[in-house]
Amino acid sequence: MYSSIMSYFERPILAAWLVSAMTVMMLTGCSDQTKTASMPPPSVSVAQVALQDVRLWDDYNGRIDAVETVKLRPRVSGYIERVAFTEGSEVHRGDVLFVIDASSYRTVLAQAKAQLARARAHAGQSASEAKRARVLVAQRAVSTEMYEQRRTAAAVAQTDAQAAEAAVNAALLNVEWTQVRAPISGLAGRAEVTAGNLVNADDAGSVLTTLVSQEKVYVYFNADESAFLHYAEMARNGRRGSDLNGKLPVQVGLSGEDGFPHRGTVDFLDNQIDSNTGTIRMRAVLDNKDGVFTPGLFARVRLLGSAQFDALLINDKAVLTDQDRKYVWIVDEKGKAQRHDVKLGRKANGLRIVESGLAPGDKVIVDGVDKVYMPGLPVDAKTVPMQPNAANVASN
Numbered sequence: 424m425y426s427s428i429m430s431y432f433e434r435p436i437l438a439a440w441l442v443s444a445m446t447v448m449m450l451t452g453c454s455d456q457t458k459t460a461s462m463p464p465p466s467v468s469v470a471q472v473a474l475q476d477v478r479l480w481d482d483y484n485g486r487i488d489a490v491e492t493v494k495l496r497p498r499v500s501g502y503i504e505r506v507a508f509t510e511g512s513e514v515h516r517g518d519v520l521f522v523i524d525a526s527s528y529r530t531v532l533a534q535a536k537a538q539l540a541r542a543r544a545h546a547g548q549s550a551s552e553a554k555r556a557r558v559l560v561a562q563r564a565v566s567t568e569m570y571e572q573r574r575t576a577a578a579v580a581q582t583d584a585q586a587a588e589a590a591v592n593a594a595l596l597n598v599e600w601t602q603v604r605a606p607i608s609g610l611a612g613r614a615e616v617t618a619g620n621l622v623n624a625d626d627a628g629s630v631l632t633t634l635v636s637q638e639k640v641y642v643y644f645n646a647d648e649s650a651f652l653h654y655a656e657m658a659r660n661g662r663r664g665s666d667l668n669g670k671l672p673v674q675v676g677l678s679g680e681d682g683f684p685h686r687g688t689v690d691f692l693d694n695q696i697d698s699n700t701g702t703i704r705m706r707a708v709l710d711n712k713d714g715v716f717t718p719g720l721f722a723r724v725r726l727l728g729s730a731q732f733d734a735l736l737i738n739d740k741a742v743l744t745d746q747d748r749k750y751v752w753i754v755d756e757k758g759k760a761q762r763h764d765v766k767l768g769r770k771a772n773g774l775r776i777v778e779s780g781l782a783p784g785d786k787v788i789v790d791g792v793d794k795v796y797m798p799g800l801p802v803d804a805k806t807v808p809m810q811p812n813a814a815n816v817a818s819n
């Protein structure tokens, strides 16, 4: 009975409370709508979608290597008499770098020359005796057997003279090799041995110094299997970009450099793919007359990945993300913002390629995108050119 009486009195109170709440909500909604309608349109900057000729580039990591590397070893044994170069300096082909004590080799050379003189004298005498024997055998003054002996002796003496001459040439080479010369032009490393040390020509570990060429350098990098197949298809279809000499161009940048300021061409492609890594080794050659590159340096390599084609481009800062979708705000002919979902490609010319979702002539909001919160919102649009960011220009 008591609960029935309480329920009877609570119903009017609850109804009155609901009416009051709904009234407040309606008044608040009207106030918000009035406020929104009275707000000025947000100021934004718009740029027309750029239509440009572009080429795509593929980026790789590589290492600089010398075109020629020589580990200089002695060709004769002996004590180092003098180190004739400055460590780390540039040397030229034929420069004397080390001098080995040549006294024992000069002695051997003198002995060889004396032996040669003796052999030549004996050969001359034997030839004269054989010549006289030939005359005498014709006159039947000597036997044929004696003539044959004299002729054989002359031939042996001539052979001995030739052997003695070869010994002189070998001794001359040994004396010459006591002056260890640079076989290539380039930079010399540190001297691995100093004056007074014994070096052995038969010891593969007797490295005197290391030379690396400087005029040109290689950069080695690895392309994955899919990229290799793409390049092969481009080559078969005649769409591979190349320079005037028909070589595939590359751009190279070093650590600390902006972009890819150095130019070169691919000159080597390995004959098989590494089954362990799924990559193939490639090599480009670069000029290094100014000495910028040092073997072993890390390099960023950019390889031409497409022929030239037309593409729609926008600035990355115009792109927004909605979960797994990318979209931009465009301004229609009525001055209202409209959302367009887009499919994006790679970067080119410092901008982002738009594969679908936009058309030539579309005006994309590039500044003030955070001010647009719903489609159909009127905006105060200021037209600006579609320009890449400075960072994008450097990376392209």
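In the numbering used here, the protein residues as written are 424 to 819. Glycine is no exception: its CB is placed at the ideal position from the N, C-alpha and C atoms.
- In three-state DSSP terms, what is V565? Within the sequence shown, numbered from 1, the residue matching residue 565 stands at position 142. If DSSP states are grouped into helix, strand and coil, V565 belongs with coil.
- Starting from H515, trace the alpha helix (DSSP H) both ways and give me its first and last residue. Numbered from 1 along the sequence shown, position 92 holds the residue referred to as residue 515. No alpha helix (DSSP H) holds H515; DSSP gives it neither H nor E.
- Query: If V689 sits next to V715, beta carbons under 8 Å apart, how far is it from one beta carbon to the other, in whole angstroms?
  - Reply: Here residue 689 corresponds to residue number 266 of the sequence shown, with the count starting at 1. Here residue 715 corresponds to residue number 292 of the sequence shown, with the count starting at 1. Not confirmed; about 19 Å, so no contact.
- Return the chain-ordered ranges of every beta strand (DSSP E) run that is complete within the stretch 705 to 743 and spans a minimum of 3 residues. 721 to 727 and 732 to 737
- Query: Contact check, W600 vs R498 under 8 Å by CB: the rounded distance?
  - Reply: Position 177 of the sequence shown, counting from 1, holds the residue named residue 600. Position 75 of the sequence shown, counting from 1, holds the residue named residue 498. The Cβ separation is near 4 Å, so the contact holds.
- Task: Could you tell me which residues DSSP pairs with I696 in its beta bridges?
- Result: The count along the sequence shown starts at 1 and reaches residue 696 at position 273. DSSP lists no partner for I696.
- Can you tell me which of the three DSSP states R498 falls into? One-based indexing of the sequence shown puts residue 498 at position 75. Three-state DSSP puts R498 in coil, outside helix and strand.
- Task: Please state whether DSSP places V531 in a helix, a strand or coil.
- Result: Along the sequence shown, read from residue 1 onward, the residue named residue 531 stands at position 108. Of the three classes helix, strand and coil, the one that applies to V531 here is helix, per DSSP.
- Own chain residues within Cβ distance below 8 Å of V630, not counting five before or after: The count along the sequence shown starts at 1 and reaches residue 630 at position 207. K494, L495, R496 and E615, listed in sequence order.
- Item | Per DSSP, the bridge partner or partners of I607 | For the purposes of this step, residue 607 is taken as residue 184 along the sequence shown, with counting starting at 1. Note: I607 sits in no beta bridge, so no partner.
- For D524, which option in A587, D693, V622 and G758 has the closest C-alpha, if you only look at C-alpha atoms? Within the sequence shown, residue 524 is the residue found at index 101, counting from 1. With distances taken between Cα atoms, D524 lies closest to V622.
- Query: Out of L634, A540 and T575, which has the shortest C-alpha to C-alpha gap to S512?
  - Reply: Residue numbering aside, residue 512 sits at position 89 when the sequence shown is read from its first letter. With distances taken between Cα atoms, S512 lies closest to L634.
- Query: Which stretch, first to last residue, makes up the alpha helix (DSSP H) that contains S649?
  - Reply: Residue 649 sits at position 226 when you count from the first residue of the sequence shown. Looking at the DSSP string, the run of the alpha helix (DSSP H) that includes S649 is E648 to R659.
- Item | Per-residue burial, S549 [other beta carbons within 10 Å of its own, 16 or more giving buried] | In the sequence shown, the residue the question calls residue 549 occupies position 126. Classification for S549: buried.
- Which stretch, first to last residue, makes up the beta strand (DSSP E) that contains K794? Translated into the one-based positions of the sequence shown, residue 794 becomes position 371. No beta strand (DSSP E) holds K794; DSSP gives it neither H nor E.
- Task: For T451, name the three-state secondary structure that DSSP assigns.
- Result: Position 28 of the sequence shown, counting from 1, holds the residue named residue 451. Confidence at T451 is low in this model, with a pLDDT of 46, below 50, so its placement is unreliable and the value that follows should be read with caution. Correct three-state label for T451: helix.
- Item | CA-to-CA distance, V472 to I776, given in whole angstroms | Residue 776 sits at position 353 when you count from the first residue of the sequence shown. Residue 472 sits at position 49 when you count from the first residue of the sequence shown. Taking the straight line from one Cα to the other gives about 10 Å.
- Message: Determine whether the beta carbon atoms of V754 and K712 lie at a separation below 8 Å.
- Response: For the purposes of this step, residue 754 is identified with residue 331 of the sequence shown, where counting begins at 1. For the purposes of this step, residue 712 is identified with residue 289 of the sequence shown, where counting begins at 1. No, the pair does not count as a contact, with Cβ atoms beyond the cut-off.
- Alpha carbon to alpha carbon, how far is T700 from D476? Along the sequence shown, read from residue 1 onward, the residue named residue 700 stands at position 277. Along the sequence shown, read from residue 1 onward, the residue named residue 476 stands at position 53. When rounded, the distance between both Cα atoms is 35 Å.
- Exposure label - G485; buried when at least 16 CB within 10 Å: Here residue 485 corresponds to residue number 62 of the sequence shown, with the count starting at 1. So G485 ends up on the buried side.
- Query: Given a threshold of 16 other Cβ atoms within 10 Å of its Cβ, counted over all protein chains shown, does T617 qualify as buried or as exposed?
  - Reply: What you label residue 617 is simply residue 194 of the sequence shown in a count that begins at 1. Label assigned to T617: exposed.
- Message: One question on the structure: do K794 and V490 come within less than 8 Å of each other, judged by their Cβ atoms?
- Response: Position 371 of the sequence shown, counted from the start, is the residue given in the question as residue 794. Position 67 of the sequence shown, counted from the start, is the residue given in the question as residue 490. Result no, Cβ atoms of K794 and V490 do not sit closer than 8 Å.
- Cβ neighbours of G728 in the same chain (closer than 6 Å, five flanking residues each side left out): Locating residue 728 in the sequence shown gives position 305, counting from the first residue. Contacts found: L479, W480 and D481.
- Task: Could you spell out where the beta strand (DSSP E) holding N484 opens and where it closes?
- Result: On the sequence shown, position 61 is the one that residue 484 refers to. W480 to A489 is the extent of the beta strand (DSSP E) around N484.
- Item | Residues that Y643 bridges to, as DSSP identifies them | Position 220 of the sequence shown, counted from the start, is the residue given in the question as residue 643. DSSP, once it has assigned bridges, lists R486 and R706 as partnering Y643.
- Using DSSP bridges, identify the partner residues of P801. The residue given as residue 801 occupies position 378 in the sequence shown. Paired residue(s): K759.
- Message: Here's a check: name, in chain order, each residue in its chain whose Cβ is nearer than 8 Å to the Cβ of T806, leaving out the five neighbours to either side.
- Response: Taking the sequence shown and counting its residues from 1, one reaches residue 806 at position 383. The residues are S468, V469, A470, Q471 and K786.
- Message: With the cut-off set at 8 Å, would you say A556 and R543 are in Cβ contact?
- Response: On the sequence shown, residue 556 is found 133 positions in, with the first residue counted as 1. On the sequence shown, residue 543 is found 120 positions in, with the first residue counted as 1. Contact: no.
- Identity of the residue in P464, N694, P783 and V522 nearest I503 by Cα: Walking along the sequence shown from the start, residue 503 turns up at place 80. When each option's Cα is compared against that of I503, the closest is V522.
- Query: With 16 as the cutoff for other CB atoms within 10 Å, does M462 come out buried or exposed?
  - Reply: Position 39 of the sequence shown, counted from the first residue, corresponds to residue 462. That one is exposed.
- Item | Cβ shell of Q456 (< 7 Å), same chain only, five flanking positions each side left out | If you number the sequence shown from 1, residue 456 lands on position 33. Confidence at Q456 is low in this model, with a pLDDT of 46, below 50, so the placement of that residue should be treated as unreliable; the coordinate-derived value is given next. Closer than 7 Å at Cβ, skipping near neighbours: no residue.
- Task: Apply the 10 Å Cβ neighbour rule to L652 and answer buried if 16 or more other Cβ atoms are within range, or exposed otherwise.
- Result: Taking the sequence shown and counting its residues from 1, the one referred to as residue 652 is at position 229. Its Cβ having fewer than 16 others within 10 Å, L652 is exposed.
- Go ahead and label M797 buried or exposed: buried means 16 or more other beta carbons lie within 10 angstroms of its beta carbon, across all protein chains shown. Residue mapping note: residue 797 aligns to position 374 of the sequence shown, counting from 1. By the neighbour-count rule (16 or more Cβ atoms within 10 Å), M797 is not buried but exposed.
- Task: Could you check what DSSP says for A550 in three-state terms: helix, strand or coil?
- Result: To locate residue 550, count along the sequence shown from 1; it is residue 127. Three-state result, A550: helix.
- Message: Three Cβ pairs or more, each shorter than 8 Å: is that satisfied between the stretch 692 to 711 and the stretch 637 to 647?
- Response: yes
- Task: For I607, I'd like the list of residues in its chain whose CB is within less than 7 Å of its CB, leaving aside the five on either flank, ordered along the chain.
- Result: Within the sequence shown, numbered from 1, the residue matching residue 607 stands at position 184. Excluding sequence neighbours, I607 sits near E491, V493, R516, L634 and S636.
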